[in-house]
Amino acid sequence: MTDTRRLRVALLGGGAVGSQVAHLLRAHSDELAGRAGAALDLVGIAVRDLDAPRDAPLPRELFTTDAEQLIVGADIVIELMGGIEPARTGILLALSSGADVVTANKALLATHGPEIFDAADQVGASVYYEAAVAGAIPIIRPLRDSLAGDRVQRIMGIVNGTTNYILDRMDREGSDFAAVLGDAQALGYAEADPTADVEGYDAAQKAAILASLAFHTAVPLDAVHREGITQIDAQTMDAARHAGYVIKLLAVCERVVGGAEGGGDAISVRVYPALVDRDHPLASVHGANNAVFVQAEAAGDLMFYGAGAGGVQTASAVLGDVVSAARRHLAGGVGVGESTRANLPVLPIGTLTTRYQITLEVADQPGVLATVAGILSDGNVSIATVEQTVITAADGAPGTARIVIGTHRALEQDLGETVDHLAASGVVARVVSVLRVEGD
Ligand code: NAP
């Protein structure tokens with residue numbers, strides 16, 4: 002390395018991802034310097050606990066609890082602490098001090114993205130966040146740069162590894178949600194408190210980020226419709242398999258042509274467990290892997306697949322951003338900000354039109370099916386398929402039956418009202434699940 006230019010790199014966070022980033026920055030320093038155009042000097046790692054064990058061999062003198070001192074004077078600040086504070090304050094300080102920023106913090110970007118991007122614009126700096134969605138998989142740069150000349154029509158993403166692991170095992174083994182969740186926790190695929198994953202909050206944050214990029218629109222997190230996977234039981238999984246589907250927690254970001262008042266385009270952004278045809282590329286995403294399926298007007302169908310998490314895998318995406326940030330920092334000039342010019346309205350979930358599969362538990366009595374069919378017809382929901390399974394009670398008491406109804410395309414609002422009527426009808430003991438069919 003003959004180039005004598007050097008950039009000061011400050012790292013905030015030395016956990017699962019941060020320790021790997023620090024290790025690779027040091028272990029591959031010559032290679033990275035060659036690609037970046039300057040030596041990347043890791044000047045310190047801000048953490049809470051100086052004595053905590055680290056996942057990679059790192060000199061103790063690099064660690065500090067004084068993040069602020071580290072940030073001021075850095076050329077590139079890598080934020081890998083997670084959460085809102087002090088990550089937000091650290092990033093704003095970094096930008097106002099003239100640094101470019103790399104972060105993997107989806108929670109922060111989904112809630113405070115506009116504030117951070119505005120702050121970067123004001124000083125002409127850049128914020129890179131390839132690792133914030135789908136870990137190692139390149140998806141931010143493809144959406145922001147490679148597809149900048151195209152019109153994205155739809156994104157369907159499996160962007161949460163924990164839920165994909167759980168649903169995949171339920172599908173393959175016929176196991177119940179609670180049993181697989183317990184295993185996933187024991188194996189480290191799920192947190193002790195799994196709410197963020199299984200209730201779809203994590204996927205919703207990623208959906209907001211993907212939709213913002215794809216549709217050049219600032220999509221607030223509260224505009225993302227969100228449902229989790231806790232209602233999916235082994236029988237619902239079985240019914241899906243029987244009908245030729247697999248259940249995946251999907252982040253769907255869709256352009257609705259002519260969907261806005263006045264006839265312009267609108268967008269729909271939603272996260273829920275959906276039925277995906279077993280022939281669809283997303284059906285073959287197994288275990289904790291992630292995949293993002295993008296449909297664009299000119300490019301057609303594209304699929305991005307790989308490890309959605311993991312310390313070293315995510316570090317790959319972070320380091321790619323560090324090289325980009327270094328090149329930009331050396332080139333000088335004004336960074337390229339986020340494109341939100343389209344500013345498309347985000348539609349409420351009630352306006353969605355799709356196909357559904359409704360699973361009901363009913364009394365096994367004559368006339369029940371006719372009553373159910375009547376309620377659906379009254380609610381403008383047209384039936385495509387019906388399957389009934391009788392569950393005989395062990396003590397010989399009157400049995401119950403499960404009815405699985407596949408519908409033609411229906412309006413979400415009509416469907417929701419119809420399901421409420423079914424639930425209140427007296428013939429339905431329980432609405433087991435209502436799942437949308439995606440990927441048509
Ligand atoms: P982590 O293992 O929990 O590490 C967090 C690090 O930040 C720790 O080193 C912690 O210090 C430090 N930290 C937290 N609060 C701090 C504070 N107030 N002051 C100073 N240091 C503080 O987290 P991670 O899994 O590496 O995730 C980091 C970021 O990457 C998050 O935004 C996450 O969403 C994102 N991400 C992670 C993955 C993954 O697979 N893990 C994948 C994609 C994206 P101590 O070590 O002293 O506690």
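For reference, each letter of the sequence shown is one residue, going 2 to 441 in my numbering. Each residue gets a CB set at the ideal place from its N, CA and C atoms; glycine is no exception.
Relative to the non-hydrogen atoms of the ligand NAP, the Cβ of V18 comes within a distance shorter than 7 Å of at least one. Rounded to the nearest whole angstrom, the CA to CA distance from G265 to R7 is 49 Å. Under the rule that a run must span 4 or more residues, the alpha helix (DSSP H) segments found entirely inside the segment 348-419 read 369-379. With a cut-off of 7 Å, the C-beta of A297 is classified as distant from the ligand NAP, since no heavy atom of the ligand falls inside that distance. Here DSSP, grouped into helix, strand and coil, assigns P58 to coil. Within the segment 164-233, the complete alpha helix (DSSP H) segments at least 4 residues long are 178-188, 196-199 and 202-215, listed from N- to C-terminus. In summary, H330 is buried, with 16 or more beta-carbon neighbours lying within 10 Å of its beta-carbon over all protein chains present. Boundaries around P274 are those of the beta strand (DSSP E), A267 to D278, since no alpha helix (DSSP H) includes it. In the displayed model, S434 falls within a strand according to three-state DSSP. For the pair N165 and P346, the Cα-to-Cα distance works out to about 30 Å. Annotation: the continuous beta strand (DSSP E) that includes M157 extends over V153 to I159.
In this chain, the alpha helix (DSSP H) harbouring I92 covers A88 to S97. In the structure shown, T341 adopts coil according to DSSP, grouped into three states. In the three-state scheme derived from DSSP, where H, G and I count as helix and E and B as strand, A300 is classed as coil. For V391, the shortest C-beta to heavy atom distance toward the ligand NAP is 7 Å or greater. Counting only residues of its own chain and dropping the five nearest sequence neighbours on each side, S97 has a CB closer than 8 Å to the CB of A120 and V124. With fewer than 16 other CB atoms across the displayed protein chains lying within 10 angstroms of its CB, H243 is exposed. When the Cα atoms are used, V420 and E439 turn out to be separated by approximately 19 Å.
Within the same chain, and ignoring the five residues on either side of V199 in sequence, the residues whose Cβ sits closer than 8 Å to its Cβ are T163, T164, I167, L182, A191, G229, I230 and T231.
In the same chain as D122, and ignoring 5 residues on each side of it, the C-beta atoms closer than 6 Å to its own belong to G338, in chain order.
Counting other Cβ atoms within 10 Å of its Cβ, L320 reaches 16 or more and is therefore classed as buried.
The DSSP-derived three-state label of T112 is helix. Apart from the 5 residues on each side of it in sequence, H113 sits with its Cβ closer than 6 Å to the Cβ of R89 in its chain, given in chain order.
A distance below 7 Å between beta-carbons, with the five flanking residues on each side excluded, links V324 to the following residues of its chain, in chain order: L33, R36 and A37.
When only Cα atoms are considered, Y129 and R142 end up about 9 Å apart.
The DSSP-derived three-state label of T66 is coil. Using a Cβ distance threshold of 8 Å, G136 and A402 do not count as a contacting pair. Placement of the Cβ of T164 at a distance of 7 Å or more from every heavy atom of the ligand NAP is found.
Between the segment 53-65 and the segment 19-31, the count of C-beta pairs closer than 8 Å reaches three or more; the two stretches touch. For E32, there is no enclosing beta strand (DSSP E); the enclosing alpha helix (DSSP H) covers residues S30 to A37.
Shortest gap from the CB of D76 to any heavy atom of the ligand NAP: 7 Å or more.
Here A137 is not bridged, per DSSP, to any residue.
Cα atoms of L188 and T315: separation of roughly 19 Å, rounded to the nearest angstrom. For the pair L63 and V10, the Cα-to-Cα distance works out to about 12 Å. In this structure, N106 has its beta carbon less than 7 Å from a heavy atom of the ligand NAP.
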